[in-house]
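Engineer: All residue numbers for the sequence shown refer to the numbering used here, where the first residue is 236 and numbers rise by one.
Idealized CB from N, CA, C, for every residue including glycine.
The structure follows.
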Amino acid sequence: MRRPARLHYAWIVFVTAFVTLLGAAGFRSTPGILIDPLREEFGWSRATVGTAVSINVALFGFIGPFAAALQARYGLRRVTVIALITISLGALGTTQMDATWQLFLLWGVVVGIGSGCMATVFASTVASRWFVARRGLVTGALTAATASGQLVFLPVLSRLAEGVGWRWVGFTIACGALGVVPLVVLFLRDRPEDIGLRPYGAPADHPPTTSGVGTRPIHAAFSAFGAAYHSGTFWLLFGSFFVCGLSTNGLIQTHFVSAAHDHGLSASTAAGYLALIGVFDVIGTIGSGYLTDRVDPRKLLVVYYLLRGLSLLVIDPALAAGGGGLLGFMVFYGLDWVATVPPTVALCLDEFGTTRGPLVYGWVFAGHQLGAALAAWGAGELRDVTGTYRPAFVAAGICCMVAAVGVTRIRQRDAAPPPPIPTPTPTPILTP
236 MRRPARLHYA WIVFVTAFVT LLGAAGFRST PGILIDPLRE EFGWSRATVG TAVSINVALF
296 GFIGPFAAAL QARYGLRRVT VIALITISLG ALGTTQMDAT WQLFLLWGVV VGIGSGCMAT
356 VFASTVASRW FVARRGLVTG ALTAATASGQ LVFLPVLSRL AEGVGWRWVG FTIACGALGV
416 VPLVVLFLRD RPEDIGLRPY GAPADHPPTT SGVGTRPIHA AFSAFGAAYH SGTFWLLFGS
476 FFVCGLSTNG LIQTHFVSAA HDHGLSASTA AGYLALIGVF DVIGTIGSGY LTDRVDPRKL
536 LVVYYLLRGL SLLVIDPALA AGGGGLLGFM VFYGLDWVAT VPPTVALCLD EFGTTRGPLV
596 YGWVFAGHQL GAALAAWGAG ELRDVTGTYR PAFVAAGICC MVAAVGVTRI RQRDAAPPPP
656 IPTPTPTPIL TP
């Protein structure tokens, strides 16, 4: 009689990474709900707070390739624990700030660096090391945690800021970051080979997982950029992801609550709408990962950018109308929030391989956050000058349509068909 199959440890690593990314994303969701409280207490303009957010999202992106190299050299677990402690210290420090330079330093630099070590680069590293089968699906699920956590936590943090003051938000985030540390220490492992396993779905002759970094992680990060620099595919992915960040994290995540307030919605109500985006993002991004395993990733990107561009062109009228129109935007836009990530990761791995691909994706993700930083600052400036967010929404929508055209020029190498889903075997689970 056949013994029942045991759970592959890759799925335990996946769950640990999912919870870690969900929490880290929640830590980054705060600036959008603090714009008005900080303006009321200190008189800081939207552009000033937007500048701090710009620093945060820029570092969140540009730390990516170096974080990937550090994870390869020193291990996922060690780097993640240090990042969580860094976030906790930065969030705790913001509760005592009373000057803009402190906002820039603590929320911009410290939290930006800490959270950058747990960006989607972390997700792509986990997926590429631990999974051969279901890699696209896993990437999509971890990406959904990264994006949706930023939105799902917003209503709770917003009510906390309105009820007992914005400083308690900082305390909550500091405690939350430390609370994730034991989970990471207990269950996160660097590579399957460390506990005598192969990646999930890997054949018997699958080569061991290697970092390709050696003892020089910073050099490896720049070496990956040097190799990608002459690739047209890299720059097309970099440019399209620049637009992705501009039209999501930098614009909607940072300024939606403030834009909704302009139309008479309370901060908690607006945060609830953002949470709804997060719910549908989980569906959209996991679905995108599923499709990435089966459909040409380039075609998916064209569809995603076109649909996002159209939705951004109608957001201002939807805010003005409220009701069903706004609800429809939340559903439509939420399904496309970060659905671009799984096909973008797949194209990076296809073009640059599973060893160098995560490092190159780190640089592509830096473009994403550069676009987010531009939108976080620029949309605030436009709002202060024109009195409305409409120009920012329209400009972002047009950029998305340009990105849709650009990704049609990405070439895709001929790749072997994806490995079959492994048949369960009575392999015993190994205790780390």
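State whether the region 609-623 contacts the region 393-404, with contact taken as three or more CB pairs (one from each stretch) at a distance under 8 Å.
Structural biologist: These segments do not touch.
Engineer: For S501, count neighbouring Cβ atoms within 10 angstroms of its own Cβ and tell me buried if that reaches 16, exposed if not.
Structural biologist: Numbered from 1 along the sequence shown, position 266 holds the residue referred to as residue 501. Flag for S501 reads exposed.
Engineer: What is the DSSP secondary structure of F469, reduced to helix, strand or coil?
Structural biologist: For the purposes of this step, residue 469 is taken as residue 234 along the sequence shown, with counting starting at 1. In this structure, F469 counts as helix in the three-state DSSP scheme.
Engineer: Just to confirm the assignment: which complete alpha helix (DSSP H) runs, minimum length 4, are found wholly within the region 515-575?
Structural biologist: Correct list: 532-548, 550-556 and 558-570.
Engineer: For Y464, which of helix, strand or coil comes out of DSSP?
Structural biologist: In the sequence shown, the residue the question calls residue 464 occupies position 229. In the structure shown, Y464 sits in a helix (DSSP, three-state: H, G or I).
Engineer: Quick check on V250: buried or exposed, where buried means 16 or more other Cβ atoms within 10 Å of its Cβ?
Structural biologist: Walking along the sequence shown from the start, residue 250 turns up at place 15. Looking at its Cβ environment, which holds fewer than 16 other Cβ atoms inside 10 Å, V250 is exposed.
Engineer: Which residue comes first and which comes last in the alpha helix (DSSP H) that contains A627?
Structural biologist: Position 392 of the sequence shown, counted from the first residue, corresponds to residue 627. Looking at the DSSP string, the run of the alpha helix (DSSP H) that includes A627 is R625 to G641.
Engineer: Report yes if the CB atom of L377 is closer than 8 Å to the CB atom of A354, and no otherwise.
Structural biologist: One-based indexing of the sequence shown puts residue 377 at position 142. One-based indexing of the sequence shown puts residue 354 at position 119. Their beta carbons are not under 8 Å apart, which means L377 does not touch A354 by this criterion.
Engineer: If G299 sits next to G597, beta carbons under 8 Å apart, how far is it from one beta carbon to the other, in whole angstroms?
Structural biologist: Numbered from its first residue, the sequence shown carries residue 299 at position 64. Numbered from its first residue, the sequence shown carries residue 597 at position 362. Indeed they touch by this definition, with Cβ atoms about 4 Å apart.
Engineer: Is it right to say C410 is buried, meaning 16 or more other beta carbons lie within 10 angstroms of its own, or is it exposed?
Structural biologist: Start at 1 with the first residue of the sequence shown, and residue 410 comes out as number 175. Per the 10 Å Cβ criterion, exposed.
Engineer: Given A245, which residues of its chain have a CB within under 8 Å of its CB, disregarding the five upstream and five downstream residues?
Structural biologist: Along the sequence shown, read from residue 1 onward, the residue named residue 245 stands at position 10. The residues are W365, F366, P427, L432, P434 and Y435.
Engineer: Pop quiz: V254 and L421 are said to be a contact at Cβ under 8 Å. What is the actual Cβ separation, rounded to whole angstroms?
Structural biologist: The sequence position of residue 254 within the sequence shown is 19, counting from 1. The sequence position of residue 421 within the sequence shown is 186, counting from 1. Not confirmed; about 12 Å, so no contact.
Engineer: What does the Cβ neighbour count give for G485, buried or exposed, with the cut at 16 atoms within 10 Å?
Structural biologist: On the sequence shown, residue 485 is found 250 positions in, with the first residue counted as 1. The residue in question, G485, is buried, as its Cβ has 16 or more Cβ neighbours within 10 Å.
Engineer: Tell me whether the beta-carbon of L582 lies closer than 8 Å to the beta-carbon of I645.
Structural biologist: Here residue 582 refers to the residue found at position 347 of the sequence shown. Here residue 645 refers to the residue found at position 410 of the sequence shown. Yes, the Cβ-Cβ distance between L582 and I645 is below 8 Å.
Engineer: Can you say whether H490 is buried or exposed, counting buried as having 16 or more other CB atoms within 10 angstroms of its CB?
Structural biologist: Your numbering for residue 490 matches position 255 in the sequence shown. Under this definition H490 is a buried residue.
Engineer: So what does DSSP say about F422, is it helix, strand or coil?
Structural biologist: Walking along the sequence shown from the start, residue 422 turns up at place 187. Helix.
Engineer: May I ask you to verify whether the region 283-303 touches the region 474-488, counting CB pairs closer than 8 Å and requiring at least 3?
Structural biologist: Touching, yes.
Engineer: Whose C-beta lies closer than 6 Å to the C-beta of M565 among residues of the same chain, with five residues either side of it excluded?
Structural biologist: Within the sequence shown, the letter at position 330 stands for residue 565. Excluding sequence neighbours, M565 sits near Y508, L511 and I512.
Engineer: So Q488 is in the alpha helix (DSSP H); what residue range does that whole segment cover?
Structural biologist: Reading the sequence shown from its first residue, position 253 is the one you call residue 488. Where Q488 is concerned, there is no enclosing alpha helix (DSSP H), given that its DSSP letter is neither H nor E.
Engineer: Would you identify the three-state DSSP class for F253, choosing helix, strand or coil?
Structural biologist: By 1-based counting over the sequence shown, the position of residue 253 is 18. Three-state result, F253: helix.
Engineer: Please classify T621 as buried or exposed, where buried requires at least 16 other C-beta atoms within 10 Å of its C-beta.
Structural biologist: Looking up residue 621 in the sequence shown gives position 386. Counting Cβ neighbours within 10 Å, T621 comes out exposed, since fewer than 16 surround it.
Engineer: Could you please give the first and the last residue of the uninterrupted alpha helix (DSSP H) stretch that includes Q337?
Structural biologist: In the sequence shown, the residue the question calls residue 337 occupies position 102. That run of the alpha helix (DSSP H) goes T335 to L338.
Engineer: Threshold first: 4 residues or longer. Then list the alpha helix (DSSP H) segments lying entirely within the region 252-319, N to C.
Structural biologist: Complete alpha helix (DSSP H) runs here, min 4: 266-277, 281-297 and 299-309.
Engineer: To which residues of the same chain is G347 closer than 8 Å at the C-beta, ignoring the five residues directly before and after it?
Structural biologist: Counting from one through the sequence shown, the residue named residue 347 turns up at place 112. Contacts found: I290, N291, V292, A293, L294, F295 and I298.
Engineer: Which of the three DSSP states, helix, strand or coil, is assigned to I664?
Structural biologist: Mapped onto the sequence shown, residue 664 falls at position 429. Per-residue confidence for I664 stands at a pLDDT of 38, beneath the threshold of 50, marking its modelled position as unreliable; the derived number appears in the next sentence. Note: I664 maps to coil in three-state DSSP.
Engineer: Leaving out five residues on either side along the sequence, give the residues of the same chain with a beta carbon under 8 Å from the beta carbon of L541.
Structural biologist: Mapped onto the sequence shown, residue 541 falls at position 306. Excluding residues within five positions, the ones whose Cβ falls inside 8 Å are C635, M636 and A639.
Engineer: Determine the extent of the alpha helix (DSSP H) in which P390 is found, giving its start and end residues.
Structural biologist: As a position in the sequence shown, residue 390 is number 155, starting the count at 1. Element bounds for P390: L389 to V399.
Engineer: With a threshold of 16 other CB atoms inside 10 Å of the CB of Y624, please say whether the residue is buried or exposed.
Structural biologist: Here residue 624 refers to the residue found at position 389 of the sequence shown. Answer is buried; the Cβ neighbour count reaches 16.
Engineer: What number of angstroms, rounded off, separates the C-alpha of A287 from the C-alpha of L311?
Structural biologist: Mapped onto the sequence shown, residue 287 falls at position 52. Mapped onto the sequence shown, residue 311 falls at position 76. C-alpha separation (whole angstroms): 28 Å.
Engineer: Starting from I348, trace the alpha helix (DSSP H) in both directions and tell me its first and last residue.
Structural biologist: Walking along the sequence shown from the start, residue 348 turns up at place 113. First-last of the alpha helix (DSSP H) with I348: V346 to G351.
Engineer: Between L554, G641 and L242, which has its C-alpha nearest G499's C-alpha?
Structural biologist: Residue numbering aside, residue 499 sits at position 264 when the sequence shown is read from its first letter. Nearest C-alpha to G499: L554.
Engineer: Return the residue from the list R308, F628 and A412 that minimises the CA-CA distance to A494.
Structural biologist: Walking along the sequence shown from the start, residue 494 turns up at place 259. Residue F628 is the option with its Cα nearest to A494.
Engineer: Between the C-alpha atoms of I408 and A439, what's the straight-line distance to the nearest angstrom?
Structural biologist: Along the sequence shown, one-based indexing puts residue 408 at 173. Along the sequence shown, one-based indexing puts residue 439 at 204. In a straight line, the C-alpha of I408 is about 44 Å away from that of A439.
Engineer: Tell me, which residues are paired with Y435 by DSSP?
Structural biologist: For the purposes of this step, residue 435 is taken as the residue at position 200 of the sequence shown. Bridge partners of Y435: F366.
Engineer: Spatial neighbours of A463 within its chain, please: C-beta separation below 6 Å, excluding the five flanking residues on both sides.
Structural biologist: As a position in the sequence shown, residue 463 is number 228, starting the count at 1. Correct list, in chain order: F469 and V595.
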